[in-house]
Amino acid sequence: MKDAIFRRLMAGPLPWRTWRCLEEFRPLFQSRPFFLAICFAIVCSVACASASPPSNVVVVTIDTLRADHLACYGYDRIKTPNIDVLARSGARFANAFTPVPITLPAHTALMTGQYPMATGIRDFSGHKLAPGAMTLARVLQSHGYSTAAFIGSAALDSRFGLSLGFDTYYDHFNLGNSREIHLDEIERRGDQVVDLALKWLESHRQKPFFIWVHLYDPHAPYDPPEPYARLYRNHLYDGEIAFADAQVGRLFDYLKRQHLYENSLVVLASDHGESLGEHGEKTHGFFIYNATLHVALIVRIPGDSPRVVQQGVSLVDVMPTVLQALRIALPSSVQGQSLMGLMAGRQSGHDSGQYAENYAPLFHFGWNRLLSLEWRGMKYIETTRPELYDLKTDPRELHDLSNAHRALAQEMNERLHDLIRRYTPSSKSSTAAGQSTDPSLLASLRSLGYAAVSAANIPQADTRNLPDPKDRIQAYNLVSEALVDKQRGRYEESLRKLMQAEKTAPETLTIRFLAAQDELELKDYLRAAGGFKYILDRNPSDGAAAYYLGIAQLGSGNADGAEKSFNRALEIDPHNFSAAYNLGVAYSRQKQADAAIGAFRRAVEILPNYAEAHEALGELYLYLQRPNDAARELERAVAADPKMAKAHYELGRAYKALGLEEKAQREFSLSKAP
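Next comes the structure, spelled out in structure tokens:
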């Protein structure tokens, strides 16, 4: 029997050195204790080798991707070969959901394993992730991984806090001017994102790494490059997804060529879906039906068998899954559950239901928030008029059963609030602190199609009597269309739609704010100032309204009024570098040089690489005949923005005043460069 077992061991795929060792020590196999000991050691060695944790972690998130618009999820109008290959080699989760259908809070949930009530990141209301938050990157960084993120949109700007734990966080969007922001300055096409990721991998592939690649392409407006624009000309949204799939393929092909793919844990997920007109919603970020909550989620762990998992799961489950696969202890803050059991075919404790919320209607418009629980095939939505759906027979959520099944609706409501209580921290120390986001970032979010304006006097407890979002979808769609018009510089058309929206929803100040911004762009400064003052009278803590009131007053020549407005904006939000800069402009127009220098200095203290503020300081120092100080500031300006022609020209003037003729001529030439 011993000889038979020995021959079977010798026939297996053992390493050459193991084979030689067994051959040389064959006589010892006549000793039964030695024979059993060596067999046990070999089995343990082979088992441990095959179950060793992955070396690297690769996370790809595709923004605004509906799971049911991928071929591997059964959609037949698209070709997504690279994502399909991943699905065939990993675990594809057929029923994965996001807790919030908005980019920032969805990614925050994925990267922290926490629900939004714990992180405090519920939308774009000026909050940032707490400095002590335990992100996936921070945990992996502490275990020796090189960490990098390559971001496709300013919606995930590092100022929101998701950069915690990343050695490299490449957002780098041009947000210097809060009024003149274009789409190509605040989002990056997927091929450019992957180019940056591949360049980083070239110099970091020798040690364990965690890389996150964020592809924003499927987000509206839908404008895929060729040949996808031609191939999908009648459904451009799918063309954007197909283009994103090609970029996923480029990333995976590189990893395979470098022999990194096989031993990498790979996660591909979408942050939320897209309504595409369902329930009257054109895009996302308003309702919480499954058109925007159902997401793609595929996890590939080396050595695991492919599988389709039907059990409902959430994006908060991604972080604990990755850490368990790497055999790293979970931080106590994690609220999600590892999916490893489901991936192995075992049942797990995922029976409490899938939670989702959207506070954007409340925070930005003063309408009711939406909360939902999906549990055992039923879905309950709490808002002014609650809703109940049987997803087994009504997957598109078209037939509300809340009146017909009041007892079940009440049970679901109780389960929903039990879950909310469970995941809401007893102490606020772990949640994000409120922080008014600077106007340049808010402007970039509006350019991406988000309202990014706070409503006044938001009730946090009893919201039962607030307008139901279902009754405001027409107004919301008009606002969304107006934001697209803003993106394309059609301010008169935007203003017309906002005035129409205000007639159907007169209770919200957000529409008035956006209309005043259009009036500002149209140089109707007095009317714009009246709009912002109207908002401030009703919401005195609105720092954005105070800031833009100052901009309107500057435009109308009221520098004294602008000075007061910018100081008020800085009292509300001391981090508002744009307000500090424009306060300097107001002082300059009043010939208060020392006060202007102080304001510009405050701007660069808040944002050290603020090119416009350094340039303004340089100009002011030239006016005061202080060429050395001027040259120092202008050198900082061109270092921060090498394409800033005005800064090069003024730097040439400073060098000329210092007798540095050769340097001066070089700067004059650079100021004329295309």
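For what it's worth, our numbering labels the leading residue of the sequence shown as -10, then goes sequentially. Ideal placement from N, C-alpha and C gives every residue a C-beta, glycine not left out.
Look at K553 here: in three-state DSSP terms it is helix. Annotation: the continuous beta strand (DSSP E) that includes D379 extends over 376 to 379.
Secondary structure within the segment 518 to 585: not one fully enclosed beta strand (DSSP E) run of 3 or more consecutive residues is present. Runs of the alpha helix (DSSP H) spanning 4 or more residues and lying entirely within the segment 183 to 252 occur at 217 to 220, 225 to 246, in chain order.
Per the DSSP secondary-structure output, I370 pairs in a beta bridge with S361, E376. The count of Cβ pairs closer than 8 Å, one atom from the segment 539 to 557 and one from the segment 570 to 579, reaches three, so the stretches are in contact. For secondary structure counted as the alpha helix (DSSP H) over 4 or more consecutive residues, the segment 290 to 317 holds these complete runs in sequence order: 307 to 314.
When the Cα atoms are used, Q463 and A490 turn out to be separated by approximately 8 Å. For D180, the closest of A471, T373, F139, T499 by C-alpha to C-alpha distance is F139. For G79 and E251, the gap between their C-alpha atoms comes out near 12 Å. Runs of beta strand (DSSP E) with 3 or more residues, each lying fully within the segment 36 to 91, are found at 45 to 51, 80 to 82, listed in chain order.
In the DSSP assignment, T157 is bridged to A137. In this structure L304 is not in contact with A345, their Cβ atoms being roughly 10 Å apart against a cut-off of 8 Å. Secondary structure at E270: coil, using DSSP grouped into helix, strand and coil.
Y612 counts as exposed, since fewer than 16 other beta carbons sit within 10 angstroms of its beta carbon.
Assigned with DSSP and collapsed to three states, Y480 falls in helix. In this structure the segment 52 to 71 does not touch the segment 307 to 319; the number of beta carbon pairs closer than 8 Å is below three.
Three or more Cβ pairs closer than 8 Å define a contact, and the segment 380 to 388 meets that threshold against the segment 358 to 369. In the three-state scheme derived from DSSP, where H, G and I count as helix and E and B as strand, H353 is classed as helix. Linking R411 to M100 through their CA atoms gives a straight-line distance of about 20 Å. With respect to the 8 Å criterion, T157 and W189 are classified as neighbours on the basis of their beta carbons.
The alpha-carbon of E651 is positioned some 22 Å away from that of A629. Counting only residues of its own chain and dropping the five nearest sequence neighbours on each side, S152 has a CB closer than 6 Å to the CB of Y158. In this structure, T124 is the residue among E176, F82, T124 with its C-alpha nearest to the C-alpha of F155. The criterion of a C-beta distance shorter than 8 Å is satisfied by A643 and A619. Here N357 is not near T382, since their CB atoms are 8 Å or more apart.
Using a 10 angstroms sphere on the CB of L515, the tally of other CB atoms stays under 16, which defines it as exposed. The shortest CA-to-CA distance from C61 to any of A285, G238, I110 is the one to A285. For A333, no beta strand (DSSP E) segment is defined, and its DSSP state is neither H nor E.
Excluding sequence positions up to five before and after D206, its CB lies within less than 6 Å of the CB of G179, E229, F232, A233, all in the same chain and listed in chain order. In the structure shown, L623 adopts helical secondary structure according to DSSP, grouped into three states. For N402, there is no enclosing beta strand (DSSP E); the enclosing alpha helix (DSSP H) has its first and last residue at 395 to 412.
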